[in-house]
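J.: The opening position of the sequence shown corresponds to residue 1 in full-length UniProt numbering, with each subsequent residue numbered one higher.
One structure coming up, written as structure tokens, with questions to follow.
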Amino acid sequence: MVIAFGYFTRFPVPHGVAFTDARLARSARYFPVVGAVVGALGALTFGIGSHVLPLSVAVLLSIIATLLATGALHEDGLADCCDAFGGGYQRTDVLRILKDSRIGAFGAIGLIVTLTLKWQTLQGLAAYGYGFVAAWMIVAHAASRAGAIVFTATLDYARTPKDKGQDAGHVDRRPADSGTPSIAEEDATGSAIDAKARPFQRGSGNDVRAEHATRATKGVIIALVLGLPGLFWHGIALGLVLIGAGAVLHWLLGRWWLRRIGGYTGDCLGLAQQLFEMGIYLIVLAWISS
1 MVIAFGYFTR FPVPHGVAFT DARLARSARY FPVVGAVVGA LGALTFGIGS
51 HVLPLSVAVL LSIIATLLAT GALHEDGLAD CCDAFGGGYQ RTDVLRILKD
101 SRIGAFGAIG LIVTLTLKWQ TLQGLAAYGY GFVAAWMIVA HAASRAGAIV
151 FTATLDYART PKDKGQDAGH VDRRPADSGT PSIAEEDATG SAIDAKARPF
201 QRGSGNDVRA EHATRATKGV IIALVLGLPG LFWHGIALGL VLIGAGAVLH
251 WLLGRWWLRR IGGYTGDCLG LAQQLFEMGI YLIVLAWISS
């Protein structure tokens, strides 16, 4: 669990903890716990802020608190995916843009729309009381991470050694003094969220795939057990609607990624987490408003 917090939040972890690919892969089962803690931090920030500030400002501060806690890791994935899938036509173009640290028009628009929707939906949920919105903050952060990690068991990791060679052949036309990483530097490091997804890749060969499938399935089951029950706290009917909507979104995203790039990347997982979280807020608000 310490590994999960160390990789996916800015929370300090004890010195001497060995961060290896194998341990990170095993830590996937605890991602919903990480999400619950991040959501609780947002709920606490909202609770304190709502006593001295207007509701809308308190909600905005709670969102900022979660961004600071995670280093905007998942939002970065969302922005990268908007730029890549919106501006790339060929598979190689999409994968190359995903590794570009700069944000483009599609990414900026995606972030603005997503954060605005979160702000407005949480403000709407807050009208039903602090306990109500706080509970859904925690549940949404936990369940969305559980939903995102399922892709590591159902899809292949999209990048291959051949893709690295194709990226290396790309001509970098950025000025030498632009202050942004060169293509070569990005090839060496990749995006933070993408690098953190590599330990979950399924590998190659039947034996490797079988071993990964067994390990990933166990981890995903534990993650789902930890992350999804909270969806039913306000009623079985609403919980089933949320589960059903999440399953449909998972299927649609999976088909889309397979068609465009042949699998998932770390940025794709960040996009999925953001869409699942935002979807929960929207559905719950629509449910209680109808």
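Ideal placement from N, C-alpha and C gives every residue a C-beta, glycine not left out.
Just so we're clear, the structure is a prediction, and the values are computed from it rather than from any experiment.
Does DSSP put Tyr-30 in a helix, in a strand, or in coil?
T.: The answer is helix: DSSP assigns Tyr-30 an H, G or I state.
J.: Does the separation of the CB atoms of Gln-273 and His-51 fall below 8 Å?
T.: Result no, Cβ atoms of Gln-273 and His-51 do not sit closer than 8 Å.
J.: When DSSP labels each residue in this structure, what does Tyr-130 get in the three-state scheme?
T.: Helix at Tyr-130.
J.: Assign Tyr-7 to one of three DSSP states: helix, strand, or coil.
T.: Three-state DSSP puts Tyr-7 in a helix.
J.: Short of 6 Å in beta carbon distance, which residues of its chain neighbour His-144, apart from the five on each side in sequence? Order them along the chain.
T.: In the sequence as displayed, the identity of residue 144 is Ser instead of His. So the list reads Gln-273, Phe-276 and Glu-277, once near-sequence residues are dropped.
J.: Can you look up Tyr-281 in the DSSP assignment and give me helix, strand or coil?
T.: In the structure shown, Tyr-281 sits in a helix (DSSP, three-state: H, G or I).
J.: Keeping to the same chain, check which residues put their C-beta closer than 7 Å to that of residue 292; ignore five residues upstream and five downstream.
T.: Residue 292 is absent from the model: the chain starts at 1 and stops at 290.
J.: Identify the residues that DSSP records as bridge partners of Tyr-264: which are they?
T.: According to DSSP, which records beta bridges pairwise, Tyr-264 is partnered with Tyr-157.
J.: How big is the Cα-Cα spacing for Gly-87 and Gly-16?
T.: So the alpha carbons of these two residues sit roughly 42 Å apart.
J.: Between the alpha carbons of Ala-247 and Ile-261, how many angstroms are there, rounded?
T.: Spanning the two alpha carbons is a distance of roughly 21 Å.
J.: The alpha helix (DSSP H) with Asp-80 in it runs from where to where?
T.: Counting along the chain, the alpha helix (DSSP H) containing Asp-80 begins and ends at 73-87.
J.: Within a Cβ cutoff of 7 Å, which residues of the same chain sit near Val-34, ignoring the five residues on either side of it in sequence?
T.: Excluding positions up to five away in sequence, the list reads Ala-4, Phe-5, Phe-8, Thr-9 and Arg-145.
J.: Compare the beta carbon distance of Ala-40 and Ile-138 with 8 Å and say whether it is the shorter of the two.
T.: Going by C-beta atoms, Ala-40 is nearer than 8 Å to Ile-138.
J.: Using the C-alpha atoms, what's the distance from Arg-23 back to Leu-224?
T.: So the two alpha carbons sit approximately 19 Å from each other.
J.: Count the other CB atoms within 10 Å of the CB of Thr-20; is the residue buried (16 or more) or exposed (fewer)?
T.: Result: exposed.
J.: Please list the terminal residues of the continuous alpha helix (DSSP H) segment that includes Val-57.
T.: Per DSSP, Val-57 belongs to the alpha helix (DSSP H) from 55-70.
J.: Going straight from the alpha carbon of Trp-256 to that of Thr-154, what length do you get?
T.: Going by the C-alpha atoms only, they are around 13 Å apart.
J.: Take Ala-72 and list the residues in its own chain whose beta-carbon comes closer than 6 Å to its own, dropping the five residues that flank it on each side.
T.: So the list is empty, once near-sequence residues are dropped.
J.: Within a Cβ cutoff of 6 Å, which residues of the same chain sit near Ala-134, ignoring the five residues on either side of it in sequence?
T.: Excluding positions up to five away in sequence, the list reads Ala-43.
J.: Pick from Gly-279, Lys-162 and Ala-84: whose alpha carbon is nearest that of Ala-108?
T.: Out of Gly-279, Lys-162 and Ala-84, Ala-84 has the C-alpha closest to the C-alpha of Ala-108.
J.: On a CA-only basis, which of Gly-270, Ile-280 and Ser-290 is nearest Gly-110? Give me that one, please.
T.: For the residues Gly-270, Ile-280 and Ser-290, the minimum Cα distance to Gly-110 belongs to Gly-270.
J.: Should Val-38 go down as buried or exposed, given a rule of 16 or more other Cβ atoms within 10 Å for buried?
T.: Its Cβ being crowded by 16 or more others within 10 Å, Val-38 is buried.
J.: Looking at the unbroken alpha helix (DSSP H) that takes in Val-94, where does it start and where does it end?
T.: First-last of the alpha helix (DSSP H) with Val-94: 91-98.
J.: Grouping DSSP H, G and I as helix and E and B as strand, with all else coil, what is Trp-233?
T.: Three-state result, Trp-233: coil.
J.: Let's test the definition: count the other Cβ atoms within 10 Å of the Cβ of Gly-244 and tell me whether it reaches 16, buried, or not, exposed.
T.: Exposed.
J.: Would you call the CB atoms of Trp-287 and Leu-238 closer than 8 Å?
T.: Cβ distance < 8 Å, so Trp-287 and Leu-238 count as in contact.
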